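Numbered by our numbering, the letters in the sequence shown go through residues 5 to 494 in order.
Step one of this worksheet: look at the structure below.
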Amino acid sequence: MRKSCILMHISSLPSEYGIGKMGKHAFEFVDFLSSAGVKCWQILPLSPTSYGDSPYQSFSVNAGNPYFIDFEILEGDGLLEKHEYSSIKWDSDPDKVDYALIYEYCFDVLRIAYSRFKPSRFPDYKVFCDDNKSWLEEYALFMALKSQNGGKAWYEWEKDISMHKPAAVAEAKKQLKNDIGFYKFVQYEFSRQWKELKKYANDNDIEIIGDIPIYCALDSVEAWAEHKLFWFDRKRRPVCVAGCPPDEFSPTGQLWGNPLYDWDYHKKTGYKWWINRIRYASQLYDIVRIDHFRGFESYYTIPFGNEDATIGEWKKGPDYELFRLAEEELGKLNIIAENLGFITPEVREMLDKCGYPGMKVIQFGFSDGTNEYLPHNFTTTNCFVYTGTHDNETLNGWVGTLDKKSLKFARRYLNVRKKSDIPMAVVRLAWSSVAMVAVAQIQDFLGSPKSGRMNTPSTLGCNWQFRTKKEDFTPELAKTIRRLNKTYNR
């Protein structure tokens with residue numbers, strides 16, 4: 005079945021509280037998608053954000069972002085009073101998320117709610133804690149310790165606790181019992197609200213597409229508490245870190261800095277940790293996009309401490325074996341492979357064996373008629389076509405970056421004369437393609453300028469800030485999208 009999809013993270017939803025939340029505006033957005041005939045809503049990782057505010061650098065691969073918890077729902081449960089959150093200034097610019105302000109006030113409000121929380125009133129709280137005990141206790145302790153240490157990374161804590169020594173961990177659990185309870189409560193509220201929102205979307209025949217970042221952050225509960233998962237030395241420092249080698253777009257490459265996995269260890273365990281991670285994500289989302297899929301075939305290693313990615317080497321990853329074992333245990337997986345970047349024949353072979361749909365990004369296509377990202381060269385319907393991803397320019401911004409040759413080719417290929425007509429022509433091109441699902445960022449339907457870009461890779465600051473307003477989602481826009489879906493049988 006041919007479908008369409010809008011890409012917009014929870015953080016970009018309309019909100020009176022500085023950042024999108026899982027309350028009324030999220031449910032109204034589902035109504036908007038339904039009225040527009042859109043069958044999929046793609047979001048970014050729901051994880052808590054850390055340094056740089058990126059959802060791809062998180063304190064935990066399992067936890068949910070506390071910023072998305074809706075205060076009005078907490079008020080309805082008797083855990084907050086309106087003035088306790090509505091009197092706070094949550095933003096400095098209505099068009100951008102101000103993470104510094106939200107970090108300053110959000111936890112204060114949630115702690116007020118926790119002070120009134122009585123587990124006996126919420127019988128599903130114990131069920132949640134029992135169902136998630138494999139990660140929840142350790143995560144709550146990790147966050148309590150971060151708070152106690154002024155937000156410092158775990159490798160800057162006192163030696164015994166930073167090395168996760170059993171006696172130090174047991175003592176910390178006694179000392180920080182109340183704080184641990186707070187972080188468990190936060191995750192319970194996140195889970196409760198997310199399940200309600202996802203159920204509402206599914207009841208309206210809309211699937212949620214979510215994201216698994218391939219790597220964990222160095223400052224994460226996994227790196228602290230499960231060091232055997234990673235390629236660490238005896239002092240629990242990374243031997244090498246993740247990134248991408250230099251190319252024509254980035255002469256020094258991309259230094260991501262994430263610790264790399266000890267794939268030999270994972271293989272000995274039958275990839276248990278990864279299979280559990282995929283299982284959890286498959287419960288959280290209807291369709292799972294795996295970021296940097298090519299990294300499972302082979303991955304680029306950069307010596308820890310290097311200032312850029314110019315020195316590094318490729319090493320062999322687990323390849324198809326991981327996904328074969330995952331499907332043996334979990335059944336057929338509903339996965340999208342993010343197969344962008346430096347793609348070798350070996351990566352293509354791995355994807356073919358898995359059978360997962362890959363990604364086509366039309367913004368990458370306008371070099372000449374042989375480009376594989378142009379729809380006339382698609383050789384299968386088993387793909388998702390994107391006008392652009394969260395790492396790309398908005399279409400309006402992208403048009404402004406085209407050189408004369410590419411702009412001339414784009415006009416000819418799209419059969420448009422005016423430069424200003426190119427963005428919507430690209431949307432129509434995606435929708436008219438043979439791809440099973442066509443995806444556009446909400447920015448491309450709103451005509452957002454380049455300032456609406458969600459993320460510029462390998463940069464810090466000014467990312468992940470894009471916001472929408474309630475008045476953006478008009479009946480006229482829904483009608484336009486519905487007409488597009490009907491025209492191209494989506």
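Just so you know, even glycine gets a beta-carbon here, dropped at the ideal spot from N, CA and C.
Predicted model, so just to flag it, every value in this text is computed and none were measured.
Q: With a threshold of 16 other CB atoms inside 10 Å of the CB of residue 270, please say whether the residue is buried or exposed.
A: Sequence index remark: in the sequence shown, residue 270 carries index 266 (1-based). When all chains shown are included, residue 270 counts as buried.
Q) Under 8 Å between the Cβ atoms of residue 479 and residue 437? A) Here residue 479 is taken as the residue at index 475 of the sequence shown, counted from 1. Here residue 437 is taken as the residue at index 433 of the sequence shown, counted from 1. The Cβ atoms of residue 479 and residue 437 do not sit closer than 8 Å to each other.
**Q.** Other residues of its chain near residue 366: CB distance less than 8 Å, five sequence neighbours each side excluded
**A.** Residue mapping note: residue 366 aligns to position 362 of the sequence shown, counting from 1. Closer than 8 Å at the Cβ level, and outside the excluded window around residue 366, lie 377, 378, 379, 389, 390, 391, 392, 430, 433, 434.
Q: Note the first and the last residue of the continuous beta strand (DSSP E) segment covering residue 307.
A: For this step, residue 307 is matched to residue 303 along the sequence shown. According to the DSSP assignment, residue 307 belongs to the beta strand (DSSP E) that extends over 302 to 307.
Q.
Quick check: what's the CA-CA separation for residue 218 versus residue 353?
A. For the purposes of this step, residue 218 is taken as the residue at position 214 of the sequence shown. For the purposes of this step, residue 353 is taken as the residue at position 349 of the sequence shown. Straight-line Cα distance between these residues: approximately 19 Å.
Q | Spatial neighbours of residue 488 in its chain, beta-carbon cut-off 8 Å, leaving aside the 5 residues before and after | A | Taking the first residue of the sequence shown as 1, we reach residue 488 at position 484. Excluding positions up to five away in sequence, the list reads 8, 431, 432, 435, 494.
Q: Run the CB neighbour count on residue 456, radius 10 Å, all protein chains shown included, and call it buried at 16 or more, exposed below.
A: The count along the sequence shown starts at 1 and reaches residue 456 at position 452. Around the beta carbon of residue 456, a 10 Å sphere encloses 16 or more other beta carbons of the protein chains shown; the residue is thus reported as buried.
**Q.** residue 180 burial status per 10 Å Cβ neighbour count (16 or more: buried)
**A.** As a first step, residue 180 is located in the sequence shown; it is residue number 176 there, counting from the start. Residue 180 is buried by the Cβ-count criterion.
Q. In its own chain, which residues sit with a C-beta less than 6 Å from the C-beta of residue 375, not counting the 5 before and 5 after it?
A. Residue mapping note: residue 375 aligns to position 371 of the sequence shown, counting from 1. Taken in chain order, the residues that qualify are 369.
Q. Going straight from the alpha carbon of residue 226 to that of residue 183, what length do you get?
A. Mapped onto the sequence shown, residue 226 falls at position 222. Mapped onto the sequence shown, residue 183 falls at position 179. Cα-Cα distance, rounded: 19 Å.
Q. By Cβ distance below 8 Å, which residues in the same chain neighbour residue 395 in space, the five residues on each side in sequence not counted?
A. Within the sequence shown, the letter at position 391 stands for residue 395. The beta carbon of residue 395 sits closer than 8 Å to the beta carbons of 458, 459, 460, 461 from its chain, once the five residues preceding and following it are set aside; these are given in chain order.
Q. Based on Cα-Cα distance, which residue from 191, 137, 228 lies nearest to residue 161?
A. What you label residue 161 is simply residue 157 of the sequence shown in a count that begins at 1. Comparing Cα positions, the closest option is 228.
Q: Can you tell me which of the three DSSP states residue 221 falls into?
A: The residue you call residue 221 lines up with position 217 of the sequence shown. DSSP places residue 221 in coil when its eight states are reduced to three.
Q) Taking C-beta to C-beta, are residue 106 and residue 23 nearer than 8 Å? A) Your numbering for residue 106 matches position 102 in the sequence shown. Your numbering for residue 23 matches position 19 in the sequence shown. Yes, Cβ-Cβ distance for residue 106 and residue 23 is below 8 Å.
Q. Can you pull the DSSP bridge partners for residue 388?
A. For this step, residue 388 is matched to residue 384 along the sequence shown. For residue 388, which the question treats as bridged, DSSP gives the partners 363, 441.
Q. Straight-line CA distance for residue 67 to residue 193?
A. Residue mapping note: residue 67 aligns to position 63 of the sequence shown, counting from 1. Residue mapping note: residue 193 aligns to position 189 of the sequence shown, counting from 1. Roughly 11 Å between the two C-alpha positions.
Q. Quick check: the region 342 to 357 against the region 288 to 297, are there 3 or more CB pairs under 8 Å?
A. Contact between the region 342 to 357 and the region 288 to 297 is present, because at least three Cβ pairs lie under 8 Å.
Q. DSSP on residue 131, reduced to helix/strand/coil?
A. Mapped onto the sequence shown, residue 131 falls at position 127. Here residue 131 sits in helix by DSSP.
Q. Got a sec? Which residues, its chain only, sit under 6 Å from residue 39 by beta carbon, not counting five neighbours each side?
A. Along the sequence shown, read from residue 1 onward, the residue named residue 39 stands at position 35. Result list for residue 39: 482, in chain order.
**Q.** Given residue 95 as reference, the closest of 110, 87, 86, 88 once Cα atoms are compared
**A.** Your numbering for residue 95 matches position 91 in the sequence shown. Looking at 110, 87, 86, 88, the one whose alpha-carbon comes closest to that of residue 95 is 110.
Q | Whether residue 212 touches residue 290 by CB criterion (8 Å) | A | On the sequence shown, residue 212 is found 208 positions in, with the first residue counted as 1. On the sequence shown, residue 290 is found 286 positions in, with the first residue counted as 1. Yes; because the gap between Cβ atoms is below 8 Å, this pair is in contact.
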